[in-house]
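Residue numbers (this note's numbering): 441 to 778. First up is the structure itself, then whatever we jot down about it.
Encoded structure:
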């Protein structure tokens, strides 16, 4: 299974590439943690919690809270393993994921898998699952889940003599190709639904290794996610909340523009700030690359456009909460982004 850190936290868009992660101190985290895993244990049995978040900065604080809740709960049905994915696999060293897998193998064997005989009799019962998360439960999560699924499928195929016990899925080119693409397509589908782009790191899932083209594709997807998250996802979330009935429509709502909760528009003056910043930055680069009549004139132009870039950037950051598109209809958590 996959699911975010089961406590109360928010990460509202604010033009930063990685918005601030804030734990809500007014909420009962332990009560929510226990209720969540009581439900998960009812459906799936034992839970092995794999946290792939960074172990420093805002993600680190969230991960520390997760571990604290796990240890305080004293739930014998839970196990916990944190693995700083970005640190451990830095420099495209994805082979280091074998370190994590080695820590999980014994429990995966203990949890087993579900199997039936030809007459429908239960032959093997699965007793637990791995609950994997990163910060958004998309990219890092899918890489690790693919590795776990691969090992489990190999055990099943070996049990029924479809492949030999000394063989792996990689021993069969077509089977390996199909398996990897199924999991990469799964990653893309979930990512499109949640973030609006394909998943990151799918070159590793599809081929078993990272590539420069994969990094370029990840860069493009990351830029698109930034744009969608900051300027489009608020309205999209409003649509979801309206469809699910989370927002209760009042009798006079929408009869006048000012009574419509989603009619608020960003001031054109504020929208001019990022546009002006981009123009100023472009002019600064142009003046760096194209020499003026004199050196003094070129320095003057560069300084002018450089200062203008910094000033408009500062003003854009100052007004960032007015520029981003946040949900307006419904919020489970009332939070002041300032």
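Glycine residues also receive a C-beta, built at the ideal position from the N, C-alpha and C atoms. The structure displayed is predicted, hence computed values, not measured ones.
Please name the residue in the options whose C-alpha comes closest to that of residue i.
| i | options | result |
| --- | --- | --- |
| residue 597 | 609, 587, 586 | 609 |
| residue 762 | 714, 547, 693 | 714 |
| residue 509 | 573, 539, 474 | 474 |
| residue 606 | 594, 687, 615, 723 | 594 |
| residue 457 | 561, 669, 527 | 669 |
| residue 543 | 736, 724, 532, 488 | 488 |
| residue 478 | 541, 467, 446, 464 | 446 |
| residue 503 | 569, 533, 461 | 461 |
| residue 631 | 576, 612, 615 | 576 |
| residue 637 | 618, 612, 672 | 672 |
| residue 718 | 665, 732, 554, 754 | 754 |
| residue 569 | 562, 651, 561, 592 | 592 |
| residue 480 | 505, 541, 571 | 571 |
| residue 533 | 666, 651, 512, 746 | 651 |
| residue 716 | 737, 745, 561 | 745 |
| residue 567 | 560, 552, 712 | 552 |
Please report the straight-line C-alpha distance between residue i and residue j, rounded to a whole angstrom.
| i | j | result |
| --- | --- | --- |
| residue 622 | residue 523 | 25 Å |
| residue 760 | residue 628 | 30 Å |
| residue 529 | residue 535 | 8 Å |
| residue 689 | residue 710 | 30 Å |
| residue 624 | residue 640 | 10 Å |
| residue 496 | residue 648 | 28 Å |
| residue 633 | residue 642 | 16 Å |
| residue 770 | residue 525 | 34 Å |
| residue 550 | residue 516 | 15 Å |
| residue 499 | residue 558 | 48 Å |
| residue 777 | residue 764 | Confidence at residue 777 is low in this model, with a pLDDT of 47, below 50, so its placement is unreliable and no value can be given for it. |
| residue 741 | residue 656 | 33 Å |
| residue 469 | residue 720 | 46 Å |
| residue 615 | residue 766 | 44 Å |
| residue 565 | residue 490 | 22 Å |
| residue 485 | residue 556 | 19 Å |
| residue 450 | residue 483 | 27 Å |
| residue 538 | residue 545 | 10 Å |
| residue 521 | residue 527 | 15 Å |
| residue 723 | residue 466 | 48 Å |
| residue 586 | residue 448 | 28 Å |
| residue 583 | residue 677 | 27 Å |
| residue 775 | residue 748 | For residue 775, the predicted structure reports a pLDDT of 44, less than 50, and the residue's modelled location is therefore unreliable. A value from the coordinates is still provided. Computed Cα separation, rounded: 33 Å. |
| residue 728 | residue 666 | 28 Å |
| residue 684 | residue 663 | 29 Å |
| residue 441 | residue 476 | 13 Å |
| residue 464 | residue 601 | 52 Å |
| residue 472 | residue 686 | 20 Å |
| residue 730 | residue 682 | 53 Å |
| residue 611 | residue 604 | 10 Å |
| residue 700 | residue 693 | 6 Å |
| residue 674 | residue 680 | 10 Å |
| residue 743 | residue 654 | 38 Å |
My understanding is that residue i touches residue j, with C-beta atoms under 8 Å, so please give their C-beta distance in whole angstroms.
| i | j | result |
| --- | --- | --- |
| residue 394 | residue 452 | Summary: the structure shown does not reach residue 394, with the chain confined to residues 441 through 778, and so no result is reported for it. |
| residue 519 | residue 547 | 6 Å |
| residue 588 | residue 635 | Not a contact, Cβ separation roughly 22 Å. |
| residue 620 | residue 645 | 6 Å |
| residue 573 | residue 443 | 6 Å |
| residue 768 | residue 702 | 5 Å |
Provide the residue span of the alpha helix (DSSP H) that contains residue i, from first to last.
| i | result |
| --- | --- |
| residue 743 | 735-758 |
| residue 590 | 579-599 |
| residue 668 | 652-671 |
| residue 505 | 497-513 |
| residue 792 | The shown model of the chain, from 441 to 778, leaves out residue 792, and the question about it has no answer. |
| residue 715 | 708-729 |
| residue 613 | 613-635 |
Look up residue i in the DSSP assignment and give the residues it is bridged to.
| i | result |
| --- | --- |
| residue 449 | 463 |
| residue 570 | 488 |
| residue 564 | 555 |
| residue 442 | 572 |
Examine chain B for any beta-carbon lying closer than 8 Å to the beta-carbon of residue i, and answer yes or no.
| i | result |
| --- | --- |
| residue 594 | Structure shown: chain B not included; a single protein chain is present. |
Could you give the residue range of the beta strand (DSSP E) that holds residue i?
| i | result |
| --- | --- |
| residue 541 | Segment 537-551 is the alpha helix (DSSP H) holding residue 541; no beta strand (DSSP E) there. |
| residue 523 | Careful: residue 523 lies outside any beta strand (DSSP E) and carries neither H nor E. |
Shorter than 7 Å, the distance from the beta carbon of residue i to the closest heavy atom of the ligand SAH, or not?
| i | result |
| --- | --- |
| residue 654 | The ligand SAH is not part of this structure, which contains no ligands at all. |
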